[in-house]
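As structure tokens, the structure follows; a few thoughts come after it.
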Amino acid sequence: MQTSSNTNQDNHILKISIFGGVLFSVLGIIWGIIANSQMIIFDGLYSFVSLGLSFLSLFAYSFTQKVDTERFHFGKGIIEPLVIMFKASAIIAMCLFALSSAVIDLFKGGREVALGQAAIYALIATGLCILFYWSMKRKEGSSEFVKAEAAQWLMDTLLSAAVLVGFVIALILHASPFAYITPYIDPFMVLAVSVYFLKVPAQMFVRNAKEILMMAPPGNIQTHVEKVVQQIKDKYRIEESFVRISKVGKTVFIEIDFVLNEKTVVQTVDEFDTVREEMDRNLQLDGYDEWLTLSFTKDRKWAL
Numbered sequence: 001m002q003t004s005s006n007t008n009q010d011n012h013i014l015k016i017s018i019f020g021g022v023l024f025s026v027l028g029i030i031w032g033i034i035a036n037s038q039m040i041i042f043d044g045l046y047s048f049v050s051l052g053l054s055f056l057s058l059f060a061y062s063f064t065q066k067v068d069t070e071r072f073h074f075g076k077g078i079i080e081p082l083v084i085m086f087k088a089s090a091i092i093a094m095c096l097f098a099l100s101s102a103v104i105d106l107f108k109g110g111r112e113v114a115l116g117q118a119a120i121y122a123l124i125a126t127g128l129c130i131l132f133y134w135s136m137k138r139k140e141g142s143s144e145f146v147k148a149e150a151a152q153w154l155m156d157t158l159l160s161a162a163v164l165v166g167f168v169i170a171l172i173l174h175a176s177p178f179a180y181i182t183p184y185i186d187p188f189m190v191l192a193v194s195v196y197f198l199k200v201p202a203q204m205f206v207r208n209a210k211e212i213l214m215m216a217p218p219g220n221i222q223t224h225v226e227k228v229v230q231q232i233k234d235k236y237r238i239e240e241s242f243v244r245i246s247k248v249g250k251t252v253f254i255e256i257d258f259v260l261n262e263k264t265v266v267q268t269v270d271e272f273d274t275v276r277e278e279m280d281r282n283l284q285l286d287g288y289d290e291w292l293t294l295s296f297t298k299d300r301k302w303a304l
């Protein structure tokens, strides 16, 4: 369960991410225009999009922390994957737009860039991105929103590092017989980074789509639950069980139907509650909120 301290800390981290987004969007767009670099402008635009998405995360996170059991009987966990899917879609759309622009520039003969200014920007941006990413990543047990912010800053760090390497290579080539290649480096970097960056938001989209579709959670959660269920079955001589698990945000929904027979040790409501207490005690899914439902029947059809 999220404590008040963790909630405040998550809010603080999301606000830091928003500040970083403001800084990089303004710095990147202005510096990119001055240096005539599509790569730097892309970096600034990415930060601008990230800024809007960070505001969305902060709003959604605050919304999910407000208890409203009258309207949301099963909690607000589904808000997390919905917001993260939207964020992933926005980043994918931006990468595809940048990719198409880079292809057009390559066919037009490249782009002349103020390489010295571009390299200075890339050096500053890389250092700052590492700092922001570290501040996101070092918080253990964070909400999915904070983890998504950390993923965005990792992408920004890799982007800035790629820009730095690219412009250093361009500076070296500019002073060599291969100077004619330098106009192609900026659009080529945009092309390469856009293609590479499609991977992270695509993975985020698929992972959270699985949660919205109530698909089975990661294997380690299933393995742990099934192990505890088997221990209960062996201890109380339960004939059969049906286990259904799904994860939505930080909530893991666990539904277990036990099929009993005459040899089963537990037969009364009080004994069923004892099994429930034992199951809840043994599950202990660290970092998640458990929504445990146990049913007992002697007729197998009610468990199917």
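Heads up, the sequence shown is in UniProt numbering, so the first residue is 1 and it goes up one at a time. Ideal Cβ placement from N, Cα and C applies to all residues, glycine included.
Check                                                                                                                                                                    : Outcome
Classify Gly249 as buried or exposed, calling it buried when 16 or more other Cβ atoms lie within 10 Å of its own Cβ.                                                    : buried
Over the uninterrupted beta strand (DSSP E) stretch that includes Lys247, give me the two end residues.                                                                  : 240–248
In the DSSP output, what is Val259 paired with across the bridge?                                                                                                        : Glu240, Thr297
Could you pull the DSSP bridge partners for Val252 from this structure?                                                                                                  : Lys247, Glu290
CA-CA distance, Ile238 and Ile212?                                                                                                                                       : 32 angstroms
Quick one, are the C-beta atoms of Ala90 and Leu53 less than 8 angstroms apart?                                                                                          : yes
Within the continuous alpha helix (DSSP H) that includes Glu112, where are the two ends?                                                                                 : No alpha helix (DSSP H) contains Glu112, which DSSP labels as neither H nor E.
Tell me the rounded alpha-carbon separation between Arg138 and Gly287.                                                                                                   : 15 angstroms
Can you check which of these residues, Pro218, Phe86, Thr297, Phe258, is closest to Ser234 by C-alpha distance?                                                          : The sequence shown places Asp at residue 234, rather than the Ser named in the question. When only C-alpha atoms are compared, the closest one is Phe258.
Roughly how many angstroms lie between the CA atoms of Ile13 and Cys129, to the nearest whole one?                                                                       : 14 angstroms
Which same chain residues end up closer than 7 angstroms to Leu51 when comparing Cβ atoms and leaving out the 5 residues on each side of it in sequence?                 : Ile18, Gly21, Val22, Ser25
Between Thr3 and Thr69, what straight-line distance do the alpha-carbon atoms span, to the nearest angstrom?                                                             : Caution is warranted here: a pLDDT of 49 is assigned to Thr3, below 50, making its placement in the model unreliable, and no coordinate value can be reported.
Compute the Euclidean distance between the alpha carbons of Gln267 and Leu304, then round it to the nearest angstrom.                                                    : 20 angstroms
Count the other CB atoms, across all protein chains shown, that sit within 10 Å of the CB of Thr126; report buried if there are 16 or more and exposed otherwise.        : buried
Which stretch, first to last residue, makes up the alpha helix (DSSP H) that contains Tyr180?                                                                            : Careful: Tyr180 lies outside any alpha helix (DSSP H) and carries neither H nor E.
Where does Lys66 sit, in a helix, a strand or coil, going by DSSP?                                                                                                       : coil
Contact between the stretch 104–116 and the stretch 178–191 is defined here as three or more beta-carbon pairs at a separation below 8 angstroms; is this criterion met? : yes
Give the DSSP-derived three-state secondary structure of Lys227 in the structure shown.                                                                                  : helix
CA-CA distance, Ile29 and Ala209?                                                                                                                                        : 33 angstroms
For Ser194, tell me which candidate among Phe178, Gln222, Val163, Lys147 has the shortest Cα-Cα distance.                                                                : Val163
So the candidates are Arg281, Ala148, Val269; which of them puts its Cα closest to the Cα of Phe55?                                                                      : Ala148
Taking C-alpha atoms, which residue in Phe74, Ala170, Ser47, Glu80 lies nearest to Phe63?                                                                                : Glu80
Does Val165 come out as helix, strand or coil in the three-state DSSP assignment?                                                                                        : helix
State the Cα-Cα distance for the pair Phe42 and Glu290, rounded to the nearest angstrom.                                                                                 : 42 angstroms
Alpha carbon to alpha carbon, what distance is there between Ser57 and Gly116?                                                                                           : 36 angstroms
Please classify Lys301: is it buried, with 16 or more other beta-carbons within 10 angstroms of its beta-carbon, or exposed?                                             : exposed
Just curious, the alpha helix (DSSP H) that Gln203 is in, first and last residue?                                                                                        : 199–212
Assuming the contact rule is C-beta atoms closer than 8 angstroms, Phe167 and Ala102 should be a hit. Round their C-beta distance to whole Å, please.                    : So it is not a contact: roughly 16 angstroms between Cβ atoms.
Tell me, to the nearest whole angstrom, how far the beta carbon of Val252 is from that of Pro217; I am working on the premise that it is less than 8 angstroms.          : 6 angstroms
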